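Engineer: Just passing along the structure, written as structure tokens.
Numbering (my numbering), first residue to last: 36 to 405.
As structure tokens, then:
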């Protein structure tokens, strides 16, 4: 029978069979996402596919002069489009889940030394997986036992005017700590400040071993005012910089509140999207400088102050927890002061991953009183 079918027709049938198999497999992969997203997803996609399929079936039937009944062509096109639209809707979620696993967000733990002094630079980020922060806290406690002084990042409040300026300029006037904590909850991640509290008791007993090695809001404002007055290029760049959108924190908080009210499946999808977008943004942040003129205040100025403090520190062992983006500039400043500074070791630590959830089976236990 197959000999009566032209060669091109046979290959067309084979190719069509392969395409239908791939489309069906893709639909089966997309199905759990659509079902978890909302109960209306499948009916809406099916209706949309049917509406789009009708003119397509009529058009191709006319162009190809097919004798195939319009109803049969319409059903075939509708099913194909239903599969295709379902795959397209689920594809971004699978892509972001794959990005999180295949290109994980990493921060460095770098040991720097000039032969006389050793600095362990632990890169940090605001929200991350629990095991990352537990590992950092363990390393900090171990460093304390080995005679290290701990240096922390954290811009200190100063005057009400300077604090308000920083809020307007950088944070949009919102409490970022609460936003980060809520964002971490949505993403299935943790907020870093919740884990550093574990070191609070030691800081009370040994305050000299715990140093907030950062500038104040007043220091930042003075540096900003100095640059605006003495550097025309900086002033021009700041004038051209888009104003901070004060409504963006409100939109983020509203989105977080909305997603918290969703079903378990919707929250799981939101977590995948959140972790994927964070992974992509952190990957970009670890690349070349952003070109934001405020980096000269928030990064470069703070690096200079931190480097001066590290150089002046008489104790030979320092364990520093700071944003990873500060490392290149800080290392350059240390080497400028002493060319003997070099990297002794590097360890990479993962900060974003899907939350772990393991289920086991308990052995049979005797009832109470037996």
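All C-beta atoms, glycine included, are put in the ideal place defined by N, C-alpha and C.
Computed from a prediction, not measured in an experiment: that's the story for all the values here.
Who are the Cβ neighbours of residue 269 in its own chain at under 7 Å, not counting the five residues just before and after it?
Structural biologist: Only 262, 263, 328 and 331 meet the Cβ criterion.
Engineer: Name the residue from 339, 127 and 199 whose alpha carbon lies nearest to the alpha carbon of residue 368.
Structural biologist: For the residues 339, 127 and 199, the minimum Cα distance to residue 368 belongs to 339.
Engineer: Using only alpha-carbon positions, find the residue among 127, 157, 139 and 389 that is nearest to residue 360.
Structural biologist: Looking at the Cα atoms, 157 is the closest of the given residues.
Engineer: Looking at residue 88 and residue 109, is the spacing between their C-beta atoms short of 7 Å?
Structural biologist: Yes. Within cutoff.
Engineer: Helix, strand or coil, according to DSSP, for residue 384 in the structure here?
Structural biologist: Strand at residue 384.
Engineer: Using only the alpha-carbon positions, how far apart do residue 52 and residue 115 sit?
Structural biologist: Between residue 52 and residue 115, the C-alpha separation is close to 12 Å.
Engineer: Buried or exposed, going by whether 16 or more other CB atoms sit within 10 Å of the CB of residue 227?
Structural biologist: Burial call: buried.
Engineer: If I measure Cβ to Cβ from residue 128 and keep anything under 7 Å in the same chain, skipping five residues before and after, which residues do I get?
Structural biologist: These residues qualify, in order along the chain: 68, 304, 307 and 308.
Engineer: Roughly how many angstroms separate the alpha carbons of residue 365 and residue 258, rounded to a whole number?
Structural biologist: Roughly 18 Å separates the two Cα atoms.
Engineer: Would you give the residue range spanned by the beta strand (DSSP E) that residue 185 belongs to?
Structural biologist: Note, residue 185: beta strand (DSSP E), 184 to 187.
Engineer: What is the C-beta distance between residue 353 and residue 184, in whole angstroms, given that I count them as a contact (C-beta under 8 Å)?
Structural biologist: Sure, about 6 Å apart at Cβ, within 8 Å.
Engineer: Only counting the same chain, and skipping five residues up and downstream in sequence, which positions put a Cβ closer than 6 Å to that of residue 182?
Structural biologist: So the qualifying residues of the chain are 352.
Engineer: Around the C-beta of residue 281, are 16 or more other C-beta atoms found within 10 angstroms, so that it is buried, or is it exposed?
Structural biologist: Summary for residue 281: the model assigns pLDDT 45, below 50, so the residue's position carries little reliability, and this model does not support an answer.
Engineer: Go to residue 156, then tell me how far its beta strand (DSSP E) extends in each direction, as first and last residue.
Structural biologist: Element bounds for residue 156: 153 to 159.
Engineer: Express the C-alpha separation of residue 61 and residue 135 in angstroms, rounding to a whole number.
Structural biologist: So the alpha carbons of these two residues sit roughly 21 Å apart.
Engineer: By Cβ distance, which residues of its chain are closer than 8 Å to residue 86, with the 5 residues on each side in sequence left out?
Structural biologist: Cβ within range, chain order: n/a, list empty.
Engineer: Measuring alpha carbon to alpha carbon, tell me which of 57, 106 and 298 ends up nearest residue 119.
Structural biologist: Closest option to residue 119, Cα to Cα, is 57.
Engineer: Can you tell me whether residue 95 is buried or exposed, with buried defined as 16 or more other CB within 10 angstroms of its CB?
Structural biologist: The residue in question, residue 95, is exposed, as its Cβ has fewer than 16 Cβ neighbours within 10 Å.
Engineer: For the beta strand (DSSP E) that residue 103 lies in, which residues bound it at each end?
Structural biologist: Segment: none, residue 103 is in no beta strand (DSSP E) and carries neither H nor E.
Engineer: Identify whether residue 353 lies in helix, strand or coil by the three-state DSSP scheme.
Structural biologist: Three-state DSSP puts residue 353 in a strand.
Engineer: How many angstroms separate the CA atom of residue 143 from the CA atom of residue 241?
Structural biologist: Cα to Cα, the separation comes out at about 27 Å.
Engineer: So, at 7 Å on beta carbons, what are the nonlocal neighbours of residue 55 in its own chain, with the 5 sequence-adjacent residues on each side left out?
Structural biologist: Cβ neighbours of residue 55 beyond the five flanking positions: none.
Engineer: Taking the straight line between their C-alpha atoms, what separation do you get for residue 381 and residue 362?
Structural biologist: Between residue 381 and residue 362, the C-alpha separation is close to 12 Å.
Engineer: Given a cut-off of 7 Å on the beta-carbon distance, is the pair residue 194 and residue 253 in contact?
Structural biologist: Yes, Cβ-Cβ distance for residue 194 and residue 253 is below 7 Å.
Engineer: Apart from the five residues just before and just after residue 342, which ones in its own chain have a Cβ nearer than 8 Å to its Cβ?
Structural biologist: Cβ within range, chain order: 365, 368, 369 and 372.
Engineer: Could you give the residue range of the alpha helix (DSSP H) that holds residue 239?
Structural biologist: First-last of the alpha helix (DSSP H) with residue 239: 235 to 240.
Engineer: Mapping DSSP to helix, strand and coil, what is residue 345?
Structural biologist: Looking at residue 345 - three-state DSSP - the assignment turns out to be helix.
Engineer: Measure the alpha-carbon distance for residue 250 versus residue 191 and round it to whole angstroms.
Structural biologist: Spanning the two alpha carbons is a distance of roughly 6 Å.
Engineer: Measure how close the beta-carbons of residue 378 and residue 145 come, nearest whole angstrom, since I'm counting them as under 8 Å.
Structural biologist: Sure, about 6 Å apart at Cβ, within 8 Å.
Engineer: Measuring alpha carbon to alpha carbon, tell me which residue in 245, 117, 196 and 212 is nearest residue 178.
Structural biologist: Out of 245, 117, 196 and 212, 245 has the C-alpha closest to the C-alpha of residue 178.
Engineer: Please report the straight-line C-alpha distance between residue 298 and residue 72, rounded to a whole angstrom.
Structural biologist: Roughly 9 Å between the two C-alpha positions.
Engineer: Can you tell me whether DSSP reads residue 358 as helix, strand or coil?
Structural biologist: Correct three-state label for residue 358: strand.
Engineer: Out of 112, 355 and 111, point me to the one whose CA is closest to residue 147's CA.
Structural biologist: Considering only alpha carbons, the answer is 355.
Engineer: Would residue 225 be called buried (16 or more neighbouring beta carbons within 10 Å of its own) or exposed?
Structural biologist: Its Cβ being crowded by 16 or more others within 10 Å, residue 225 is buried.
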